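Report on one structure; see the data block that follows.
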Amino acid sequence: MAELGVEVPGLALANPLMLASGVQGGTAAALHRVAASKCGGLVSKSIGPDAREIYPGPVCVEATDSVVLNAMGLPNPGVESFTEMMSQNEFSKPMLVSIFGPDSETVADIAKKMEAAGATALELNLSCPHSKPGSRALIVGQQPELIKEYISAVKQAVGIPVYAKLTPNTAQVSLEAGAALEAGADGVSLINTV
Ligand SMILES: Cc1cc2nc3c(=O)[nH]c(=O)nc-3n(C[C@H](O)[C@H](O)[C@H](O)COP(=O)(O)O)c2cc1C
Numbered sequence: 007m008a009e010l011g012v013e014v015p016g017l018a019l020a021n022p023l024m025l026a027s028g029v030q031g032g033t034a035a036a037l038h039r040v041a042a043s044k045c046g047g048l049v050s051k052s053i054g055p056d057a058r059e060i061y062p063g064p065v066c067v068e069a070t071d072s073v074v075l076n077a078m079g080l081p082n083p084g085v086e087s088f089t090e091m092m093s094q095n096e097f098s099k100p101m102l103v104s105i106f107g108p109d110s111e112t113v114a115d116i117a118k119k120m121e122a123a124g125a126t127a128l129e130l131n132l133s134c135p136h137s138k139p140g141s142r143a144l145i146v147g148q149q150p151e152l153i154k155e156y157i158s159a160v161k162q163a164v165g166i167p168v169y170a171k172l173t174p175n176t177a178q179v180s181l182e183a184g185a186a187l188e189a190g191a192d193g194v195s196l197i198n199t200v
């Protein structure tokens, strides 16, 4: 059998295939189902400070041939509910918890709570392309200075590895990646939805 194990900062994975942050990572049942597959690790749905409902449907449409548009609206159960779920469940695969928030202080606070609840690592969602137009959630991932502010705040708050999830909606993604690494990110996740 080929040896597919990989190590990246803070994570030893049986193989390099991981669940991407999204609809299969929002509940304990779904995460256990994915963990039971042969994946190397899990990434949760992005979790923010408060519960958010999904947008009224349709949230996924085929716009033209081979072009699918999706906009879920970052639905999630909120940090309190998600940490309670984490403390009641043990997952058989390393668990990166994806987090987001309206400002760096809020995200750092969520990060602390996720670490205390047992997250193996964090993925900071700086990039969701369909959060409210004009909101900071969209702007952060396109502005190296804001990326640095968010990553620094989270790195100061926790001891577990922090990954920066970047947006493809930029002219030169190496600028945002460089800012994240300069601020102390342990790695980058490429990329959010095109
Ligand atoms: C329905 C849906 C929900 C998603 N939710 C999240 C999310 O909560 N947080 C996040 O960082 N990325 C989210 N993503 C982005 C995916 O994690 C992934 O980065 C993106 O789909 C690009 O990978 P792909 O080209 O293989 O689809 C979502 C994508 C889809 C299609």
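Residue numbers for the sequence shown follow the working numbering, so the first one is 7 and each next one is one higher.
All C-beta atoms in this analysis are idealised placements derived from N, C-alpha and C, irrespective of residue type, glycine included.
Note that the structure is a prediction, hence the values are computed from the model and not measured.
Just to check, is the beta-carbon of residue i closer than 7 angstroms to a non-hydrogen atom of ligand 2?
i, result
"residue 78", "Looking at this structure, you won't find ligand 2 anywhere; what it does contain is ligand 1."
Considering Cα atoms alone, identify which of the options is closest to residue i.
i, options, result
"residue 97", "62, 156, 46 and 21", "46"
"residue 131", "187, 197 and 7", "197"
"residue 29", "67, 80 and 148", "80"
"residue 32", "124, 92 and 66", "92"
"residue 103", "187, 82 and 67", "82"
"residue 95", "176, 37 and 121", "37"
"residue 89", "65, 120 and 70", "120"
"residue 179", "157, 71 and 153", "153"
Once DSSP output is grouped into helix, strand and coil, what is the label at residue i?
i, result
"residue 33", "coil"
"residue 119", "helix"
"residue 92", "helix"
"residue 51", "coil"
"residue 169", "strand"
"residue 59", "coil"
"residue 16", "coil"
"residue 9", "coil"
"residue 70", "strand"
"residue 3", "The requested residue 3 does not occur in the structure, where the chain is confined to residues 7 to 200."
"residue 130", "strand"
Is the CB-CB distance between residue i and residue j below 8 angstroms?
i, j, result
"residue 43", "residue 106", "no"
"residue 117", "residue 164", "yes"
"residue 172", "residue 147", "yes"
"residue 49", "residue 26", "yes"
"residue 84", "residue 55", "yes"
"residue 183", "residue 194", "yes"
"residue 15", "residue 167", "yes"
"residue 176", "residue 17", "no"
"residue 66", "residue 73", "no"
Quick test of your reading: residue i and residue j, contact by CB under 8 angstroms. State the CB separation rounded to the nearest angstrom.
i, j, result
"residue 191", "residue 169", "6 angstroms"
"residue 77", "residue 113", "Not quite, the Cβ-Cβ distance comes to about 22 angstroms (not below 8 angstroms), so this is no contact."
"residue 100", "residue 19", "6 angstroms"
"residue 110", "residue 151", "At roughly 11 angstroms, the Cβ-Cβ gap does not stay under 8 angstroms, so residue 110 and residue 151 are not in contact."
Tell me whether residue i counts as near ligand 1, meaning its Cβ is closer than 7 angstroms to at least one heavy atom of that ligand.
i, result
"residue 197", "yes"
"residue 26", "yes"
"residue 171", "yes"
"residue 29", "yes"
"residue 52", "yes"
"residue 45", "no"
"residue 175", "no"
"residue 104", "yes"
"residue 131", "yes"
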